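4 protein chains.
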Amino acid sequence: MGGSTFGERFAVTTFGESHGGALGVVIDGCPARIELSEADVQADLDRRRPGQSRLVTQRDEADRVSIHSGVFEGLTLGTPIGMTVANTDARPGAYADMVDLYRPSHADYTTEAKYGIRSWQGGGRASARETVGRVAAGAVARKMLAAAGAEVLGWVSAVRDIVAEVDPAEVTREAVEAHPTRCPDPAAAARIAEAIEAVRRDGDSVGGVVTCVSRGVPPGLGEPVFDKLDAELARAVMSLPAAKGIEIGSGFAGTLMTGRTHNDEFAPGPHGRPVVLTNRSGGIQGGISNGADIVLRVAFKPTATIASQQRTVTRQGEPTVLAARGRHDPCVLPRAVPMVEAMVCLVLADHLLRQQTTQLAPGSSPRA
Amino acid sequence: MGGSTFGERFAVTTFGESHGGALGVVIDGCPARIELSEADVQADLDRRRPGQSRLVTQRDEADRVSIHSGVFEGLTLGTPIGMTVANTDARPGAYADMVDLYRPSHADYTTEAKYGIRSWQGGGRASARETVGRVAAGAVARKMLAAAGAEVLGWVSAVRDIVAEVDPAEVTREAVEAHPTRCPDPAAAARIAEAIEAVRRDGDSVGGVVTCVSRGVPPGLGEPVFDKLDAELARAVMSLPAAKGIEIGSGFAGTLMTGRTHNDEFAPGPHGRPVVLTNRSGGIQGGISNGADIVLRVAFKPTATIASQQRTVTRQGEPTVLAARGRHDPCVLPRAVPMVEAMVCLVLADHLLRQQTTQLAPGSSPRA
Amino acid sequence: MGGSTFGERFAVTTFGESHGGALGVVIDGCPARIELSEADVQADLDRRRPGQSRLVTQRDEADRVSIHSGVFEGLTLGTPIGMTVANTDARPGAYADMVDLYRPSHADYTTEAKYGIRSWQGGGRASARETVGRVAAGAVARKMLAAAGAEVLGWVSAVRDIVAEVDPAEVTREAVEAHPTRCPDPAAAARIAEAIEAVRRDGDSVGGVVTCVSRGVPPGLGEPVFDKLDAELARAVMSLPAAKGIEIGSGFAGTLMTGRTHNDEFAPGPHGRPVVLTNRSGGIQGGISNGADIVLRVAFKPTATIASQQRTVTRQGEPTVLAARGRHDPCVLPRAVPMVEAMVCLVLADHLLRQQTTQLAPGSSPRA
Amino acid sequence: MGGSTFGERFAVTTFGESHGGALGVVIDGCPARIELSEADVQADLDRRRPGQSRLVTQRDEADRVSIHSGVFEGLTLGTPIGMTVANTDARPGAYADMVDLYRPSHADYTTEAKYGIRSWQGGGRASARETVGRVAAGAVARKMLAAAGAEVLGWVSAVRDIVAEVDPAEVTREAVEAHPTRCPDPAAAARIAEAIEAVRRDGDSVGGVVTCVSRGVPPGLGEPVFDKLDAELARAVMSLPAAKGIEIGSGFAGTLMTGRTHNDEFAPGPHGRPVVLTNRSGGIQGGISNGADIVLRVAFKPTATIASQQRTVTRQGEPTVLAARGRHDPCVLPRAVPMVEAMVCLVLADHLLRQQTTQLAPGSSPRA
């Protein structure tokens, strides 16, 4: 494949370029009999949508989703769920200057090195617009996880050096959505909004960190070797545009501790299950969920599109300078939150199903 | 599958537990006509081997590899390469105390939650011993990459707060292998050795960071969406035991910069290809290699096995205390270096092959 | 996954039910720089389309395809090609009688046994209408194969006991398309048309055989073990609705011969390649193409939908009788031809790409 | 991958050449807590073993299996099961004549066309000896199927024009194993034994048909589109050496019937499930099992290795003649029976697990 499919049992395939006719996604393997409507999907797309606030790109896309298959009378059929979203405010002409040159820290050069051809209309397949399909699929995964008692919640925990002071165990969706920055610490949110406004005016950009917690995940998800749950989550979020790092639990800070202080001791918990007294493992031990909150942090670099003049080269190998135009986000963080959540939902949904094959189900026999 | 296969074209499947009869690996999809001998594989296994220095576990395993298939007269056949390594110094009896309790921050509880059964002899499938198969396969990938002009080099760049001061572009394998810590900064290496000795005497453990650079990787590797090269590398190294975080290029530090300072400008380079004037992207842009060095950093937590008393629970849900015995590494970092290299080699080899299908090869026609 | 994806490198994912909003397909892994237009795809869809002649179902669907992504200025980009076809003449009301009962030899009961839910509007996912996506994808594969010098041609070689007398090596597309039966033997074609008309009038149905030949396939395609080219072709065509058998080369008749008469001797051929003096192998030896024509035959059962009264049971387990209504094909063979061709094209395109990774491409090194 | 892995959840990877050091297999995804011992696996290997009677090749291989991992105290762990069988009676020298020429209807030429290299010692990877791994894995699948109430039974139903007269619903393993031909019709068995002896003396070979019935398979297995259960079975058995055709249920003979006589009417059955009054569907409708016996027939061509002189060409393109030597089966049918069974077991085990993800399992929530 060409790397546009994600997941083994809950398998998601996306298609679409930033300025093509439509973006879309197919989910193959969603279990039957999950309640699902277009409104469920639209809710997450609206959180990802451009133009939702002054802090993000002003490209005006309604991003209305159509579900073409796989749902019947409000329930999933178990068959593939095909969905599309039309591109309506594409302005390819705005990119005419870029036909023959490579924008720094974009995928222009690498795309051409890979394929020998490139759609110069916006970022093509490398555009963050591709995440429309991921977020739509993530909304379906979220419905399935809810049916299993799990929820996934992300927020902006830092922009540049402005850090939210919150307890991951206490953050609520209401607190996150209360501010267009999606930072649940009101004081930090205000400073972040100012910082984004400032770089926007300056033609510059900033990055930051998204934290994501998954609550109510049953123990046992993840495989012991290559498909460890943390490895799968790392791949998932690192596949988002502009992601440059990921930590689970104690992460890089954990390297400064010793085993004696880092280990999570066990105590007896409800239903006869052990519970951890601390959570430096971030909810995953040996690659498998232990029932505690799964906590991860994702680093996003500053947006590559800036208004400053930058040195670059043409397709013909000549040096030149570029000052990018076009609509873009001065900071991807607010819109990155639903993207990170979507990817985490996809991983958990997939592993929830995979876990259903770890033992033979009782009553498999027709003679029973 | 059960998550024991890695890679799409250069596909590696491992098997084996820490105290089973043998560990092994099958590589399916290695190209034909690559030079390969058991000595090539043994060289990397020897760097991973327990007992190689005082700093690592004293379990005494020769880890001699046997190649059973896929090689003929010194060349790969294109068919699966099956390899095994016998467990010879397994001492399952040492684990008899652990039949009925869960070691903190190990995979004991999560394994049982997943499968409803667990081999209590050491870590079972979750043991770092499983990486024997990965390192053997990585050695084959390394041979293939060398034929394509690429090399992968890792080293210990930090243990706890002791940080190596080296330029990633200048580190050599000789400098890395010159000290049993695998830290190429001699001053830091000496301090790291002392720190490891100190925690060993104290029955404690430490963690740290491995840095890995891949040189000579052709531009164009990686896919634009889910299978971005950085996402694949992240999954690969995060699947190693004890890994808690990964950064590519500027990583988390990059979130403190603005776009103007973070972007990598282009200049004309050799062969008509653009080259980056800085490398904050870490050799990957839009998920695709750009020909610059690929630089990543992996955080490893302190070893979970320590000699101190820790609170835990039994399988029956009763609280108890544990003081682990058995041979173990007070610090996994020196042995993690070949493991990280192996995983990076596997990703690059797989994507090098995948890239060969991105365009139709000339002369496909038998009528040509 | 849920089995809606086909192919490893040229990977096709379909979605859509017989009476849902739309049918579609995503191709991930099509090489870049292949010439492609909607007209190329439409040509094959028109051959599959209902209502194309009196011999097939009279459901009136234009089956106009839209390409949403992956093509730019007439060339493939290497990114996913998303395509949809709207359902416009769906008449779900015609199936209201079938909400609560299972049509004999259809997928009604088995679908409900599988998912615990079923769209009773037509065949749902099991409908032959699902093959719209396959044929659209097959048309893209056909373009790629043409660029490699290969062509795939199918025809109706038998309906019931009426057998076409043609030499597979000599059949042309013109001869096949000259008659609505898609039988290139004019005398047999006339008799087949009569037979189909007769069963239609009688409320009955008939089956038959499609033969398919692939010419110009380079030697070396197919893998030596599970993914033998003949195994892959068998799976491909047996996944078509109503297929009940497949033969390659000598097939079942070959079991009546001895090795001495069955073996295909070699003689020196052009370009220093051996050629077979006979072709009982059907172009594949040891699962790998040998450069000779690949010849296969597919058995299709009589259409399950008939107008006669048949015994069946309701969802509640009560016996009942059914006389199906709704528009249907009295014989699937004429429309099965483009379906078989599409599946064969998909297999060959996939293996053509897979073969490009069997050896390391020269010039992989950026230092070369 | 290189096509040496089979199955999506119950995934089997084989390795080994006919004259390499060892053959082996890894099963990834076998559920935990299935009873398994080496004796279980050996039983099926003994039925596949060369030298088991005068009717088969006289190569003397004990084919003793070693299980290296994945089993603990008589139960599967859910982790990969690695198994090997050593080659002990390899006589590569017997093939020295064949270094430079291509045996007719073998894989010699196609292997070299594919990889640019070939192990000339026997059939290499294309040898039927590769099926050791399949049969070992199939034995594990058989154990799992037995736990689910299903059994798989094959037999020789024809050699050349000698056809067994038996009712597939009544055949027993005892009747099959009562004669070295594995034909459960004693009269036909005797004639088949004579026919095989005759061609052996004559330096010739014969082919035939294996029939396989799967009983007790629950309804609901198989996916509605590409991974139809019949398609998967077709691929599975067509990947066996020398297979040239496959039929499910009515197969090619069904093309001679009309829908009215071909359709399987339903009647109320036990447990409220419908049962079919006939079984022309062969236990599969719309690609999904319906609970009836799954019946398939596989055509095997006459063994390609014969003692007669045949025309061929050398690697240098020169015409030559060949009279093969070496030990071989004059008829593969008796040994093909366990191979067919193994492949059918692998498909059913895989789809039994896949079916466990079609709906969300109750009690997935840790808060339940």
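Chains as they are written, first to last, in my numbering: chain S, 1 to 368; chain E, 1 to 368; chain R, 1 to 368; chain W, 1 to 368.
For each residue, glycine too, the CB sits at the ideal point set by N, CA and C.
Everything numeric in this text was worked out from a predicted model, so none of it was measured.
Cβ-Cβ distance between residue i and residue j below 8 angstroms
| i | j | result |
| --- | --- | --- |
| R:R59 | R:D40 | no |
| E:E265 | S:T312 | yes |
| E:S37 | E:G2 | no |
| R:G82 | S:G283 | no |
| W:L256 | R:R191 | no |
| W:P184 | W:V166 | yes |
| S:I34 | S:T76 | yes |
| S:G21 | S:N87 | yes |
| S:L240 | S:M343 | yes |
| S:A96 | S:V12 | no |
| R:G93 | R:S18 | no |
| R:V347 | R:W155 | no |
Cβ distance (whole Å) where residue i is taken to contact residue j below 8 angstroms
| i | j | result |
| --- | --- | --- |
| E:T110 | S:G286 | 5 angstroms |
| E:L101 | E:V210 | 31 angstroms between Cβ atoms; not a contact. |
| R:E341 | R:V152 | 5 angstroms |
| S:P218 | S:S289 | 7 angstroms |
| E:R260 | S:I306 | 6 angstroms |
| S:H68 | R:T84 | 7 angstroms |
| E:A198 | E:T181 | So it is not a contact: roughly 13 angstroms between Cβ atoms. |
| W:F300 | W:A243 | 6 angstroms |
| R:I248 | R:D227 | 15 angstroms between Cβ atoms; not a contact. |
| E:V171 | E:D44 | Not a contact, Cβ separation roughly 18 angstroms. |
| W:L352 | W:L233 | The pair is not a contact, with the Cβ atoms about 14 angstroms apart (cut-off 8 angstroms). |
| R:T369 | E:R9 | A question about residue 369 of chain R goes unanswered here, because the residues of chain R that appear run from 1 up to 368. |
| S:P372 | S:I196 | Any property of residue 372 of chain S remains undetermined from this structure, which presents chain S solely from 1 to 368. |
Start-to-end residues for the beta strand (DSSP E) that takes in residue i
| i | result |
| --- | --- |
| R:Q372 | Chain R is shown only over 1 to 368; residue 372 of chain R falls outside these bounds and no answer can be derived. |
| R:S214 | G208 to R215 |
| E:P319 | P319 to A323 |
| E:R297 | I294 to F300 |
| R:V12 | A11 to F15 |
| E:I306 | No beta strand (DSSP E) holds E:I306; DSSP gives it neither H nor E. |
Extent of the continuous alpha helix (DSSP H) to which residue i belongs
| i | result |
| --- | --- |
| R:I441 | The displayed coordinates of chain R run from 1 to 368. Any statement about residue 441 of chain R would go beyond what the structure contains. |
| R:L333 | L333 to Q355 |
| W:R173 | R173 to E177 |
(request) Enumerate, from N- to C-terminal direction, the unbroken beta strand (DSSP E) stretches of 3 or more residues contained entirely within the region 230-285 of chain S. (result) 243-248, 266-268 and 274-276
(message) If we require 4 or more residues per run, which alpha helix (DSSP H) segments fall completely within the region 24-56 of chain R?
(response) 38-48
(request) Could you name the residues of the region 241-269 of chain S whose beta carbon sits closer than 7 angstroms to any beta carbon of chain E, in the order they occur along the chain? (result) K244, G245, I246, E247, I248, G249, S250, G251, F252, G254, T255, L256, M257, T258, G259, R260, H262, N263, D264, E265, F266, A267 and P268
(message) Output needed in chain order: residues of the region 18-34 of chain S with a Cβ under 7 angstroms from some Cβ in chain R.
(response) G20, G21, A22, G24, V26, D28, G29, A32 and R33
(request) Give, in chain order, every residue of the region 89-100 of chain W whose Cβ lies closer than 8 angstroms to some Cβ of chain R. (result) none
(request) Using a Cβ-Cβ cut-off of less than 8 angstroms, list which residues of the region 352-364 of chain E approach chain R; keep chain order. (result) L352, L353, R354, Q356, T357, T358, Q359, L360, A361 and S364
(message) Which complete alpha helix (DSSP H) runs does the region 104-161 of chain R hold, if anything under 4 residues is left out?
(response) 108-115 and 131-147
(request) Could you run through the region 62-79 of chain W and flag, in chain order, every residue whose CB is less than 9 angstroms away from some CB of chain E? (result) S66, I67, H68, S69, G70, V71, F72, E73, L75, T76, L77, G78 and T79
(request) Please name the residues in the region 282-299 of chain R whose beta-carbon is closer than 9 angstroms to at least one beta-carbon of chain W, in chain order. (result) G282, I284, Q285, G286, G287, I288, S289, N290, G291, R297 and A299
(request) Below 7 angstroms between beta carbons is the criterion; list the residues of the region 202-233 of chain R that meet it against any residue of chain W, in chain order. (result) D204, S205, V206, G207, G208, V209, P219, G220, E223, P224, V225, F226, D227, K228, D230, A231 and E232
(request) Could you run through the region 302-317 of chain W and flag, in chain order, every residue whose CB is less than 7 angstroms away from some CB of chain R? (result) P302, T303, A304, I306, S308, Q310, R311, T312, V313 and G317
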